[in-house]
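Asker: Supplied in structure tokens, the structure appears directly below.
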Amino acid sequence: ERLSGHFINLLKGIIANPEQSIAQLPLLTESERCQLLVDWNQTQIDYKPELCLHQLFEQQVKLNPDAIAVRLENEFLTYQELNNRANQLGHYLQSLGVKADGLVGIFVERSLEMIIGILGILKAGGAYVPLDVNYPKDRITYLLEDSQLSILLTQSQFLGQLPQFQGTTICLDQDWSIIANQSTVNPIVEVDQHNLAYIIYTSGSTGKPKGVMIEHRSIVNYILTAIREYNFTSDDQILQFSSICFDASVEEIFCGLLSGATLVLRTEDMLRSSEDFWQCCQKWQLTVLGFPTAYWHQLASELTPTALQIITNIKLIMVGGEAIQQSKVKQWHTITANNSSLPKLFNRYGPTEGTIVTTLYEFTSPSATNVPIGRSISNIQVYILDAFLQPVPVGVAGELHIGGAGLARGYLNRPELTQEKFIPDPFLYKTGDLARYLPDGNIEYLGRIDNQVKIRGFRIELGEIETILSQHSAVKTAIVIAREDETEQKRLVAYIVPQTEGISTPQEQSLLAVTELRQFLKAQLPEYMVPSAFVILESLPLTSNGKVDRRALPAPDFQSEEQYVAPRNPIEEILASIWVKVLKVEQVGIHDNFFELGGHSLLATQLISRIRKAFKVEMPLRELFVAPTVAALAQVIKRVSEQEERTELPILPRGKDAELPLSFAQTRLWFLDQFESDSSFYNIPLALRLEGNLNQDVLIQSLEEICDRHEALRTNFITVDGVATQVIQTQAPWTVTIVDLQHLFSSEQEIASQELTQNQAIQPFDLARDPLIRANLVILSETEHILLVCMHHIVSDGWSMGVFLQELTDLYNAYIQNQPSSLKPLPIQYGDYTLWQKQWLQGDILQRQLDYWQKQLADAPALLSLPTDRPRPAVQSFAGAHLPFTLSWELSQKLTQLTQEQGVTLFMTLLTAFDILLYRYTEQEDILIGTPIANRNRSELEGLIGFFVNTLVLRTDLSGDPSFNELLIRVREMAMDAYTHQDLPFEMLVEVLQPERDLSHAPLFQVDFLLQNEPLSQLELIGLTNRPLLTENATAKFDLTLGMENTNTGLRGVWEYNTDLFERSTIERLAGNFVTLLEAIVANPQQQISQL
1 ERLSGHFINL
11 LKGIIANPEQ
21 SIAQLPLLTE
31 SERCQLLVDW
41 NQTQIDYKPE
51 LCLHQLFEQQ
61 VKLNPDAIAV
71 RLENEFLTYQ
81 ELNNRANQLG
91 HYLQSLGVKA
101 DGLVGIFVER
111 SLEMIIGILG
121 ILKAGGAYVP
131 LDVNYPKDRI
141 TYLLEDSQLS
151 ILLTQSQFLG
161 QLPQFQGTTI
171 CLDQDWSIIA
181 NQSTVNPIVE
191 VDQHNLAYII
201 YTSGSTGKPK
211 GVMIEHRSIV
221 NYILTAIREY
231 NFTSDDQILQ
241 FSSICFDASV
251 EEIFCGLLSG
261 ATLVLRTEDM
271 LRSSEDFWQC
281 CQKWQLTVLG
291 FPTAYWHQLA
301 SELTPTALQI
311 ITNIKLIMVG
321 GEAIQQSKVK
331 QWHTITANNS
341 SLPKLFNRYG
351 PTEGTIVTTL
361 YEFTSPSATN
371 VPIGRSISNI
381 QVYILDAFLQ
391 PVPVGVAGEL
401 HIGGAGLARG
411 YLNRPELTQE
421 KFIPDPFLYK
431 TGDLARYLPD
441 GNIEYLGRID
451 NQVKIRGFRI
461 ELGEIETILS
471 QHSAVKTAIV
481 IAREDETEQK
491 RLVAYIVPQT
501 EGISTPQEQS
511 LLAVTELRQF
521 LKAQLPEYMV
531 PSAFVILESL
541 PLTSNGKVDR
551 RALPAPDFQS
561 EEQYVAPRNP
571 IEEILASIWV
581 KVLKVEQVGI
591 HDNFFELGGH
601 SLLATQLISR
611 IRKAFKVEMP
621 LRELFVAPTV
631 AALAQVIKRV
641 SEQEERTELP
651 ILPRGKDAEL
661 PLSFAQTRLW
671 FLDQFESDSS
681 FYNIPLALRL
691 EGNLNQDVLI
701 QSLEEICDRH
711 EALRTNFITV
721 DGVATQVIQT
731 QAPWTVTIVD
741 LQHLFSSEQE
751 IASQELTQNQ
761 AIQPFDLARD
771 PLIRANLVIL
781 SETEHILLVC
791 MHHIVSDGWS
801 MGVFLQELTD
811 LYNAYIQNQP
821 SSLKPLPIQY
831 GDYTLWQKQW
841 LQGDILQRQL
851 DYWQKQLADA
861 PALLSLPTDR
871 PRPAVQSFAG
881 AHLPFTLSWE
891 LSQKLTQLTQ
901 EQGVTLFMTL
911 LTAFDILLYR
921 YTEQEDILIG
931 TPIANRNRSE
941 LEGLIGFFVN
951 TLVLRTDLSG
961 DPSFNELLIR
971 VREMAMDAYT
981 HQDLPFEMLV
991 EVLQPERDLS
1001 HAPLFQVDFL
1011 LQNEPLSQLE
1021 LIGLTNRPLL
1031 TENATAKFDL
1041 TLGMENTNTG
1051 LRGVWEYNTD
1061 LFERSTIERL
1071 AGNFVTLLEA
1081 IVANPQQQIS
1091 QL
């Protein structure tokens, strides 16, 4: 009927004016035109355009001064506290010259300081420019230069990530003592609704991001609309999910702060799994959730009965950022059909240029078509127009244009682009999105007109990626598109025509270039803009008119970029199976590189242990570096097995009446205990806060079972005729102490539990009489407990704590479900190991180990002459402190890449850098560093609790001013030799070498280094969430220790230092120097170490 009416209208127009261009001939009836342009755009309501964001926040402070404004786990600020701190920062920024429309950058992690910083900038009259701490340095440099910032707010841990910045840098943590001197009164500032509130950068088609300028009037209109539409109140707990570089964060932050609600900042742990996400929602009592469509797709696909129960406590879920998959909506409605108390679910649409959200749609039932994006919100007009800016009929596709109060001022420093994208009269923004009206007035999104896509909520100009790819010398032509994978998730795919000549096949070129191309992009683009797959083509497919035929581009293999070659013989099959288990991957081909698949030294040790057990061959760790693929290692195994017979002494269960000597390491700790029996220096404490429904009886049963399984936890150490010996109790001589604090107020509970935690950690053990494990269960409420466990180092070590947590998880989860234990009986015990060690480490084996170490450490310097702030005490003290730090994701990735390129481990790379740092501080070319080693290079030892850890002395020769890469080769050879001879106990080494004893410092080395490649096993008890509690540790075993951990978000570490030798400021400088050194290394690893 509509079509017929349009045809009649068109004929009338032709008769009336046959000279009219066909685009201008009338198509719509007057009533249709009125409906499209007027009726469906009558959105005007009164709001408060004269007020700015920070002024509306100040109104809430008056209404709710003592309510919690923002929370991050256990940290929080009330509205009054937040206002006071933001006011102090605002006054401070004003003293530096910030005023209306002045731009101030903010480069911080998600934290309370982030919220203080944003509000402080606004209160000073300025506009904030967010920069993501995970951006590559090149992108940060561009944003700083393009925005012409003169002031940047950051945190001290990110100073090392910043490029050269000529303006003023303010650290919101370490500089706060200066800021705190400012007034807490609301600053007076001449700002109105037409001044800028923020600038957010979005992807640009020319290869450079563009800054979208948003004024107070626009953002205030949306925030007040959202609060009214969603019915936000002071009772709400609103999740802050998005990066501050994504405009959804503005909605989350100010919908919370302007409605009197509590803003809850998410943690990284929340995103570990869907289960973790919903558990955090329950823990933090969240009522409002908002996240990118892609994340909602994941949650909708993984709904469990537990999640559904948690969802009933949430009143509102908001999604947006890209088109919603209809299949996921149907899945959501199918699973939740019988639940009457589900949250409202909204689909939101809007470009950054339209201030966050332009149209809104509430889900009520699955749509027969694509999911609509709804209707325009208050004071916003939406028009769907053709190429001649004429409205198109209902059901006909056109370009979506936006008008009204939400429009941006334009693009920063880009007048030509502003003129291109914004129509002056009436003032409209051309979105580039195809859409059409549905008969009921809702709008259906149909896709993009231009070369722009959205991935995980991020707006990406494909041309920006193509421009940067084309700058690579090996690339002739580059095309980037978005394709859906098997799970319907959009992923970026790059199609490359190489410049390089002489490559016989595209597959060869792929193997040569893909890794390099990915790293090239990572250095310049955020992670979400780096393609998931690269396809190398000899030429691009073209249409008949010579344009690239994007539909004809071949589908990539998202699973693997490397050509998979299956094992060819039994040796390769067994090896591939071992690799899959150790690396926890689904498939390993015979040409896959162990280290490129995520292998590191600790996993390498496990791999060699399993190979030894499977093939009955002795293989030094060095062989894995020489032959890091299944095919190459299979040849090594074949060669070794043909030339030698296995002569290793197996570890067997001992006889009943066997006397149990102490291991070499235990002997040293026992000896030290005789002189300092009241010391807690060798305690290993563990404190976990448990939230949820804990079954105390099952927990105690599980703990007792662990003690029954492991003789080490039932062991005491007595003296018989002056000789230490082990006594193993038949039953666990201990009980779990229950401490009930439910009668105390929460503030009293906090104090009491902290005292209990600290006392548990520092209470000495009597090795002869006390159980050498103790446990307390502190009851705070029916759903809140604290588990305190402490072991003496003589029966445990770091690896053992991981075994302990894994077994506690397995046992508790089995018993809580009335199932038997899934743990297999232990084939041997720690006492069997001590007997084996005494028998095995003698004769030729012992002599070979001693010969190596005596030669390796001959004429070694007794002391590393680090410059100290105070004279070294005559007797070594162990007073210490700690300084944590974090390396950027970009730097961590570059270090990993360098490691893989050089065929070493990350430990070797970081050790080499640490050697150079010490060399530059001391000018010593002979550096000795200690490092702990798990010493579990036999598979039967991996599941035992006991004191196995050994210490290696790593001696590096830095003479001759080598380059970093040259020194790295030296360190690799030295470290490999040390690993090969790791069985000699450090205690025996000291006894044999007999270094000149000086009570003022540790023998052989005074500086320690360790790298944790994997976090400690997590406690994952059914129905419970847990988090570790930190215990104060004011000790330092050495002058200086660098401990590092490789995490999913990058490298982080801590400096442990002796406070009788060093001031904190000295260690802060040293930490900064280390980061600078690492950046120089990845920038130019061929540079001589004296010039880094």
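Position 71 of the sequence shown, counting from 1, maps to 71 under UniProt numbering, and the rest follow consecutively. Beta carbons: idealized from backbone N, C-alpha and C, even for Gly.
1. Going residue by residue through the region 665-702, where are the continuous alpha helix (DSSP H) segments of at least 4 residues, counting only ones entirely within it?
2. Does the count of Cβ pairs from the region 410-424 and the region 48-66 closer than 8 Å reach three?
3. Which residues share a DSSP beta bridge with LEU529?
4. Under three-state DSSP, which class holds LYS283?
5. Quick one: Cα of PRO628 to Cα of PHE363, how far?
6. Are the C-beta atoms of LEU917 and some chain B residue less than 9 Å apart?
7. Would you call SER504 buried or exposed, if buried means 16 or more other Cβ atoms sit within 10 Å of its Cβ?
8. Hey, how far is the Cα of GLY97 from the Cα of ILE121?
9. Which of the three DSSP states, helix, strand or coil, is assigned to ILE1008?
10. In its own chain, which residues sit with a C-beta less than 6 Å from the C-beta of LYS12, not counting the 5 before and 5 after it?
11. Classify ILE449 as helix, strand or coil using the three-state DSSP reduction.
12. Would you mind sorting CYS171 into buried or exposed? The rule is 16 or more other CB atoms within 10 Å of its CB.
13. For PHE427 and SER892, I'd like the C-alpha separation in whole angstroms.
14. Would you report the Cα separation of LEU159 and GLN842, rounded to the nearest angstrom?
15. Pick out whichever of VAL971, GLY802 and LEU1004 has its Cα sitting closest to the Cα of TRP853.
16. Spatial neighbours of LEU741 within its chain, please: C-beta separation below 7 Å, excluding the five flanking residues on both sides.
17. For ILE15 and GLN44, I'd like the C-alpha separation in whole angstroms.
18. Output yes or no for whether 9 Å exceeds the beta carbon distance between VAL288 and ASP247.
19. For residue 1096, report the span of its alpha helix (DSSP H) as first-last.
20. Using the rule of at least 16 other Cβ atoms within 10 Å of the residue's Cβ for burial, across every protein chain shown, is ARG936 buried or exposed?
21. May I ask you to report which of helix, strand or coil DSSP gives SER249?
22. Suppose only complete runs of 3+ residues qualify. What are the beta strand (DSSP E) ranges in the region 867-922, listed by chain order?
23. To the nearest angstrom, how far is the alpha carbon of ASP957 from that of GLN1012?
24. Keeping to the same chain, check which residues put their C-beta closer than 8 Å to that of SER877; ignore five residues upstream and five downstream.
25. Counting only runs that start and end within the region 916-1002, where is the alpha helix (DSSP H) found for 4 or more residues in a row?
26. Since I believe ASP132 is in contact with SER243 (beta carbons under 8 Å), could you give me their beta-carbon distance rounded to a whole number of angstroms?
27. Identify whether ILE503 lies in helix, strand or coil by the three-state DSSP scheme.
28. So what does GLU784 bridge to, in DSSP terms?
29. So, VAL493 versus SER532, is the Cβ gap smaller than 9 Å?
30. How many angstroms separate the CA atom of PHE57 from the CA atom of TYR230?
31. Measuring alpha carbon to alpha carbon, tell me which of VAL396, GLN381, GLY398 and ASP386 ends up nearest ALA405.
32. Inspect the beta-carbon positions of ARG1052 and LEU883 and report whether they are closer than 9 Å.
33. Excluding sequence positions up to five away, which residues of its chain have a Cβ less than 8 Å from the Cβ of MET976?
34. Could you tell me which residues DSSP pairs with PRO1028 in its beta bridges?
35. Measure the CB-CB distance between TYR128 and LEU257 and report whether it falls below 9 Å.
36. Over what stretch of residues does the alpha helix (DSSP H) that includes ILE310 continue unbroken?
Answerer: Looking at the atomic coordinates:
1. Counting whole runs of 4 or more residues, the region 665-702 contains no alpha helix (DSSP H) stretch at all.
2. no
3. Checking the sequence shown, residue 529 turns out to be Met, not Leu. Answer is none; MET529 lacks a bridge partner.
4. helix
5. Using only the alpha carbons, I get a separation of about 53 Å.
6. Looking for chain B here will not work: only one protein chain is present.
7. Residue placement at SER504 is poorly supported in this model, since its pLDDT is 44, which falls under 50; the coordinates are not used for a value here.
8. Here the alpha carbon of GLY97 sits roughly 12 Å from the alpha carbon of ILE121.
9. Here residue 1008 is Asp; the residue named in the question, Ile, does not match the sequence. It is a strand residue.
10. For LYS12, where only same-chain residues beyond five positions count, there are no Cβ hits under 6 Å.
11. coil
12. With at least 16 other beta carbons inside 10 angstroms of its own, CYS171 counts as buried.
13. 46 Å
14. 53 Å
15. For TRP853, the nearest C-alpha among the options comes from LEU1004.
16. GLN749, ALA752, SER753, VAL778, ILE779 and LEU780
17. Taking the straight line joining both Cα atoms gives about 39 Å.
18. no
19. With the chain covering 1 to 1092 only, the question about residue 1096 has no answer from this structure.
20. buried
21. helix
22. Listed in chain order, they are 880-886.
23. 25 Å
24. Beyond the five residues adjoining it in sequence on each side, SER877 comes within less than 8 Å, by CB distance, of ASN1058 and ASP1060 in the same chain, given in chain order.
25. 964-980 and 986-993
26. 6 Å
27. The predicted model places ILE503 with a pLDDT of 46, which falls under 50 and marks its position as unreliable; any figure quoted below should be read in that light. In the structure shown, ILE503 sits in coil (DSSP, three-state: anything other than H, G, I, E or B).
28. DSSP lists GLU691 and SER781 as partners of GLU784.
29. Cβ distance < 9 Å, so VAL493 and SER532 count as in contact.
30. One Cα belongs to PHE57, the other to TYR230, and the distance between them is close to 18 Å.
31. GLN381
32. no
33. PRO620, LEU621, ARG622 and PHE625
34. LEU688
35. Not closer than 9 Å, so no.
36. 305-311
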